[in-house]
Amino acid sequence: MTDIHSLAESVFREESGRIIASLIRISGSFDRAEEAMQEAFTAALVSWPKHGVPANPAAWVTTTAHRKLIDAGRRDRTCREKQNSVRYEIESSASALTESEEEFMHFPDDRLRLIFTCCHPALNREAQVALTLRTLGGLTTTEIARAFLLSEPTLAQRLVRAKRKIQEARIPYEVPGPERLDERLAAVQTVIYLIFNEGYTASSGDGLIREGLCAEAIRLGRVLCELLPDDAENFGLLALMLLQNSRSVARVADGALVTLEEQDRSLWDRAAIAEGLTLLERILRPRQPGPYQVQAMVAALHAQARTSEETDWAQIAELYEILFRYNASPVIALNHAAAVAMSAGPEEGLRRMDDLAASLDQYYLFHAARADLFRRLGRRPEAIEAYQRAAALVTNPVEREFLRGRMRKMECESVQDGDERDYPVTLSR
Amino acid sequence: MRYMMLIYTRESEGGPSPEEGARIKTAHRVVIEETARKGILLAAEPLSPTSTATTVRVQNHKPLITDGPFAETKEQLAGYYILDCENLDEAIEWAARIPTACKGSAGCIEIRPMPGLPRDD
Chain A
1 MTDIHSLAES VFREESGRII ASLIRISGSF DRAEEAMQEA FTAALVSWPK HGVPANPAAW
61 VTTTAHRKLI DAGRRDRTCR EKQNSVRYEI ESSASALTES EEEFMHFPDD RLRLIFTCCH
121 PALNREAQVA LTLRTLGGLT TTEIARAFLL SEPTLAQRLV RAKRKIQEAR IPYEVPGPER
181 LDERLAAVQT VIYLIFNEGY TASSGDGLIR EGLCAEAIRL GRVLCELLPD DAENFGLLAL
241 MLLQNSRSVA RVADGALVTL EEQDRSLWDR AAIAEGLTLL ERILRPRQPG PYQVQAMVAA
301 LHAQARTSEE TDWAQIAELY EILFRYNASP VIALNHAAAV AMSAGPEEGL RRMDDLAASL
361 DQYYLFHAAR ADLFRRLGRR PEAIEAYQRA AALVTNPVER EFLRGRMRKM ECESVQDGDE
421 RDYPVTLSR
Chain B
430 MRYMMLIYTR ESEGGPSPEE GARIKTAHRV VIEETARKGI LLAAEPLSPT STATTVRVQN
490 HKPLITDGPF AETKEQLAGY YILDCENLDE AIEWAARIPT ACKGSAGCIE IRPMPGLPRD
550 D
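Chains A and B are the protein sequences, given in the same order. All residue numbers for the first sequence refer to this note's numbering, where the first residue is 1 and numbers rise by one. All residue numbers for the second sequence refer to this note's numbering, where the first residue is 430 and numbers rise by one.
What follows is the structure, given as structure tokens:
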């Protein structure tokens with residue numbers, strides 16, 4: 001019995017995105033599709049113990065959900081005829097319902113439509129994230145709410161509003177045409193990377209790593225590569241997430257942050273690194289560059305350095321310069337300055353950071369990076385002050401503890417220790 | 430689905446320059462002609478500037494009349510289109526082509542679906 005439950009659960013995790021995508025296309029409604037899928041899974045828990053588990057459980061669920069949709073459609077239509085015709089949400093879908101009732105594997109893969117609809121720019125970012133995770137991801141509403149520190153009613157409300165907007169403003173359920181594809185794909189990539197980052201360094205809450213979200217973002221990244229294999233940036237994004245996530249185990253020890261330099265590199269996930277590097281190699285040949293690929297290359301340089309001293313900071317600085325050309329943001333300039341500090345010396349890094357003070361004064365990593373360079377130059381009062389600023393601005397408690405620890409160390413230790421080599425916080429995640 | 434496209438402009442003394450004004454007029458004409466040809470144009474009209482606006486608010490069953498728009502905003506309603514589009518993406522495409530600087534400098538277009546009057550049933 002529990003076996004059936006866990007089997008249904010794994011079918012849900014693995015296949016619900018694909019199942020729901022088909023059902024939404026057929027029914028023209030997120031709600032009806034969800035309801036039908038829910039009913040089908042419930043039916044599975046009754047039927048499978050009695051009649052045995054079908055050879056293709058996902059197909060069984062889809063076909064059953066499909067039938068439920070047809071039944072619901074018939075009920076609605078009878079109802080409508082009786083009530084002297086109320087305009088039905090999606091008229092055109094009615095014909096699709098009565099037609100084919102094929103096996104799951106013959107259904108076209110509708111996940112691409114679904115992902116573009118969920119990440120439509122007419123929805124706000126929170127709604128995009130929630131909807132993508134809820135429909136394409138294998139997480140339950142409870143899990144998503146917990147990961148984003150929201151109450152379940154708040155998340156449910158967000159989802160209801162988003163679905164209502166899709167329905168009422170008629171956000172299309174289709175893959176955008178070639179003239180819009182790049183721009184809309186960028187929005188999808190942003191949502192996936194946002195989910196990853198939320199998991200990688202939660203902006204609030206106790207745990208530093210929310211592995212569930214990282215795993216989910218990587219899974220979505222894989223889906224995107226599978227569905228749009230011609231876009232090199234999809235692979236760049238996947239490689240970036242794999243390479244960053246390969247360090248997740250080494251990043252935290254006893255609840256405290258461990259900098260890149262201090263990490264035990266034997267804990268890094270070699271399989272993830274190998275996969276990330278292979279992906280990068282494959283896409284760099286066709287030469288269709290983009291910002292995710294550049295970031296992945298930075299992550300690759302870290303991953304390839306056997307010791308922290310081996311890190312090729314000069315090349316990392318160059319990559320940040322390229323990245324800055326894609327996106328002239330002061331945060332990227334800060335990362336560039338930090339890499340320059342590692343290759344050309346802390347003074348040069350500080351000089352570049354001074355130029356960024358106006359735009360980054362409220363950004364904790366700006367002060368953390370400066371603090372670190374002051375520390376390495378033995379300029380203790382300035383280091384302590386910068387650590388203070390950083391600790392006051394940071395929201396993640398684990399990171400705050402790390403900064404405070406560094407500050408206390410500065411206050412206690414003698415100046416001679418100031419030349420201890422270390423990497424700027426900006427690059428140490 | 431019918432969508433109303435609300436044109437928000439930044440009103441300024443004297444409005445746009447004559448050349449700019451002529452460009453805006455042409456751009457409107459192109460959108461109006463194209464949408465009419467496709468049979469999706471339901472309405473399009475400019476509004477007089479907010480200096481001509483009167484706001485009526487009923488308080489204690491009596492209309493309270495005030496001069497000007499109901500709220501001071503950075504951008505002011507200047508006109509509208511009603512287009513019958515397949516979906517929001519089509520509406521966005523048209524909206525991107527509607528000029529918004531008619532009363533001074535460029536503002537934005539707000540797209541709102543028009544669900545129709547609620548039925549009693």
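Virtual Cβ for every residue (Gly too), placed ideally from N, Cα, C.
Which of helix, strand or coil does DSSP assign to residue i?
{"i": "residue 434 of chain B", "result": "strand"}
{"i": "residue 534 of chain B", "result": "strand"}
{"i": "residue 503 of chain B", "result": "coil"}
{"i": "residue 508 of chain B", "result": "strand"}
{"i": "residue 71 of chain A", "result": "helix"}
{"i": "residue 419 of chain B", "result": "Residue 419 of chain B is absent from the structure shown; chain B starts at 430 and stops at 550."}
{"i": "residue 472 of chain B", "result": "strand"}
{"i": "residue 439 of chain B", "result": "strand"}
{"i": "residue 417 of chain B", "result": "Shown here, chain B extends from 430 to 550; a query on residue 417 of chain B therefore has no answer."}
{"i": "residue 568 of chain B", "result": "Given a span of 430 to 550 for chain B in the structure shown, any question on residue 568 of chain B remains unanswerable."}
{"i": "residue 173 of chain A", "result": "coil"}
{"i": "residue 52 of chain A", "result": "coil"}
{"i": "residue 88 of chain A", "result": "Unreliable positioning characterises residue 88 of chain A in this predicted model, as indicated by a pLDDT of 39, which lies under 50. A coordinate reading is not provided."}
{"i": "residue 305 of chain A", "result": "coil"}
{"i": "residue 343 of chain A", "result": "helix"}
{"i": "residue 430 of chain A", "result": "The requested residue 430 of chain A does not occur in the structure, where chain A is confined to residues 1 to 429."}
{"i": "residue 396 of chain A", "result": "coil"}
{"i": "residue 57 of chain A", "result": "helix"}
{"i": "residue 136 of chain A", "result": "coil"}
{"i": "residue 64 of chain A", "result": "helix"}
{"i": "residue 418 of chain A", "result": "With a pLDDT of only 42 at residue 418 of chain A, under 50, the local geometry of the prediction cannot be trusted, and no value is derived from it."}
{"i": "residue 205 of chain A", "result": "A caution first: residue 205 of chain A carries a pLDDT of 49, below 50, which makes its placement in the model too unreliable to give a value."}
Around the C-beta of residue i, are 16 or more other C-beta atoms found within 10 angstroms, so that it is buried, or is it exposed?
{"i": "residue 327 of chain A", "result": "exposed"}
{"i": "residue 304 of chain A", "result": "exposed"}
{"i": "residue 547 of chain B", "result": "exposed"}
{"i": "residue 374 of chain A", "result": "buried"}
{"i": "residue 469 of chain B", "result": "buried"}
{"i": "residue 355 of chain A", "result": "exposed"}
{"i": "residue 214 of chain A", "result": "buried"}
{"i": "residue 314 of chain A", "result": "exposed"}
{"i": "residue 110 of chain A", "result": "buried"}
{"i": "residue 410 of chain A", "result": "buried"}
{"i": "residue 241 of chain A", "result": "buried"}
{"i": "residue 135 of chain A", "result": "buried"}
{"i": "residue 168 of chain A", "result": "exposed"}
{"i": "residue 71 of chain A", "result": "exposed"}
{"i": "residue 499 of chain B", "result": "exposed"}
{"i": "residue 494 of chain B", "result": "exposed"}
{"i": "residue 390 of chain A", "result": "buried"}
{"i": "residue 492 of chain B", "result": "exposed"}
{"i": "residue 33 of chain A", "result": "buried"}
{"i": "residue 407 of chain A", "result": "buried"}
{"i": "residue 442 of chain A", "result": "No information on residue 442 of chain A is available, as it lies outside the stretch 1 to 429 that chain A covers here."}
Per DSSP, which one or two residues make a beta bridge with residue i?
{"i": "residue 488 of chain B", "result": "B:491"}
{"i": "residue 146 of chain A", "result": "The partner list for residue 146 of chain A (beta bridge, DSSP) is empty, contrary to what the question assumes."}
{"i": "residue 117 of chain A", "result": "Note: residue 117 of chain A sits in no beta bridge, so no partner."}
{"i": "residue 541 of chain B", "result": "B:433"}
{"i": "residue 483 of chain B", "result": "B:496"}
Does the CB of residue i have a neighbour CB from chain D at under 8 Å?
{"i": "residue 122 of chain A", "result": "Absent here is chain D; the protein component of the structure consists of chains A and B."}
Within the stretch 226-297 of chain A, ranges of the alpha helix (DSSP H) (whole runs, at least 4 residues):
Fully enclosed alpha helix (DSSP H) runs of 4 or longer: 232-245, 248-251, 270-284.
At a cut of 8 Å, does the stretch 226-237 of chain A reach the stretch 291-302 of chain A through at least three beta carbon pairs?
By the Cβ test, the stretch 226-237 of chain A is in contact with the stretch 291-302 of chain A, since at least three Cβ pairs between them sit closer than 8 Å.
If we count Cβ pairs, one from each stretch, closer than 8 Å, do we get three or more for the stretch 392-399 of chain A versus the stretch 465-475 of chain B?
Touching, no, given that fewer than three Cβ pairs across the two stretches are closer than 8 Å.
For the stretch 241-253 of chain A against the stretch 304-312 of chain A, are there 3 or more C-beta pairs whose distance is under 8 Å?
The stretch 241-253 of chain A vs the stretch 304-312 of chain A: no contact.
Check whether the stretch 438-457 of chain B and the stretch 516-534 of chain B are in contact - that is, three or more C-beta pairs closer than 8 Å.
They touch, by the three-pair rule.
Would the stretch 487-507 of chain B count as touching the stretch 160-172 of chain A if we require 3 or more Cβ pairs under 8 Å?
Verdict: no, contact absent.
Check whether the stretch 176-188 of chain A touches the stretch 43-60 of chain A, taking contact to mean three or more Cβ pairs, one atom from each stretch, closer than 8 Å.
A contact is defined here as three or more CB-CB pairs under 8 Å, and the stretch 176-188 of chain A fails this definition with respect to the stretch 43-60 of chain A.
Tell me whether the stretch 39-53 of chain A and the stretch 5-24 of chain A touch, counting them as touching only if at least three CB pairs, one residue from each stretch, are closer than 8 Å.
Touching, yes.
Contact between the stretch 346-354 of chain A and the stretch 370-387 of chain A is defined here as three or more beta-carbon pairs at a separation below 8 Å; is this criterion met?
Enough Cβ pairs lie closer than 8 Å, so yes.
Counting pairs of beta carbons, one from the stretch 170-182 of chain A and one from the stretch 509-520 of chain B, are three or more of them closer than 8 Å?
With the cut-off at 8 Å, the stretch 170-182 of chain A and the stretch 509-520 of chain B touch.
Counting pairs of Cβ atoms below 8 Å between the stretch 278-288 of chain A and the stretch 215-222 of chain A, do you hit three or more?
The stretch 278-288 of chain A, when compared against the stretch 215-222 of chain A, does not touch it at the 8 Å Cβ threshold.
Measuring CB atoms only, is the stretch 111-128 of chain A touching the stretch 7-22 of chain A, in the sense that at least three cross pairs come out at less than 8 Å?
Verdict: yes, contact present.
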